[in-house]
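Trainee: Below you'll find the structure I mean.
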Amino acid sequence: MPCRLVLFDIDGTLITDRGAAREAYDTAIREVYGYSGDLHRYDFSGRTDPQITHMVLGAAGLSDDEIDACLPRLWEIYLANLARNATPERVQTLPGIADLVDELSGRSDVLLALLTGNIEPGARLKLAAADLNRYFSFGAFGSDSPRREDLPPIAVERASAFDRHRFSGRDVVIIGDTIYDIRCGNPYGATTIAIASGKTAADTLLAENPHHFFSSAADRGGLLAAILGHDESS
Ligand SMILES: [Mg+2]
């Protein structure tokens, strides 16, 4: 029986796509909405795909209704572009991740899943390029809610459907590279693990008081202890 539900973020945590998704999105948002601004002034880290779209297009003067009306078309074009861009040559698994997820997947006391702002088909395209989909049967995605803080209970619900165990509190472990990964776990009392393998500086992550902090996933022993709660007195 698994005792920990381990929820991995994707971008900056499991992989870097080296700009593949941003390019796919940039082309799609211009084509679908006629957007002509500069996306480089935005930091997308930790935000959900729908949230990014509302942030960018809202600032350009579009109403929520105007944005929502064309979202299906945006995702269609984005995914077609991403399928071309997210190649195995371009998408890289971050240091330490391959060994870590491989070890976790072999443990009977751990259930692995995703918690990501990516819409699910986009998440699956990125992970396919890194050959990581086989480790993650389910997850909670940006296509489930634009609010990242809505995603942990969705992941917990899917986990209980998956193996009939209802995870709660510190047994839900959220691993990510941004302040939003940490913040989304706090209301639920989840264990939060920050890894500074993305674009967010270590100091910025530490200021959010995650339960555990790592500069990369290369410290497999330390991460395993943090994930399994072996270093906690409570
Ligand atoms: Mg991330």
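Quick note on the numbering used here: the sequence shown kicks off at 1 and runs consecutively.
Glycine is no exception: its CB is placed at the ideal position from the N, C-alpha and C atoms.
1) Alpha carbon to alpha carbon, how far is Ile97 from Glu89?
2) Pairs of beta-carbons, one from the segment 201-209 and one from the segment 223-232, closer than 8 Å: are there three or more?
3) Compute the distance between the beta-carbons of Ile175 and Phe141, then report whether it is under 8 Å.
4) For Thr192, does the count of other Cβ atoms within 10 angstroms reach 16, so buried, or fall short, so exposed?
5) If you measure from the CB of Gly198, is any heavy atom of ligand 1 nearer than 7 Å?
6) Who are the Cβ neighbours of Thr87 in its own chain at under 7 Å, not counting the five residues just before and after it?
7) By DSSP, does His212 sit in helix, in strand, or in coil?
8) Pull up the distance between the alpha-carbon of Phe44 and that of Asp131, whole angstroms please.
9) Grab me the residues of Leu252's own chain with a C-beta within less than 7 Å of its C-beta, minus the 5 sequence neighbours each way, in chain order.
10) Per the contact definition of three or more C-beta pairs closer than 8 Å, is the segment 179-192 in contact with the segment 55-68?
11) Along the chain, where does the alpha helix (DSSP H) containing Ala24 start, and where does it finish?
12) Whole angstroms are fine: how far does the CA of Gly198 sit from the CA of Leu5?
13) Going by the DSSP bridge assignment, what does Gly139 pair with across the sheet?
14) Short of 6 Å in beta carbon distance, which residues of its chain neighbour Tyr188, apart from the five on each side in sequence? Order them along the chain.
Mentor: Looking at the atomic coordinates:
1) 17 Å
2) no
3) no
4) buried
5) yes
6) Ala129
7) strand
8) 24 Å
9) For residue 252 there is no data in the structure shown, the boundaries of the chain being 1 and 234.
10) no
11) 20-33
12) 22 Å
13) Leu114
14) Pro152
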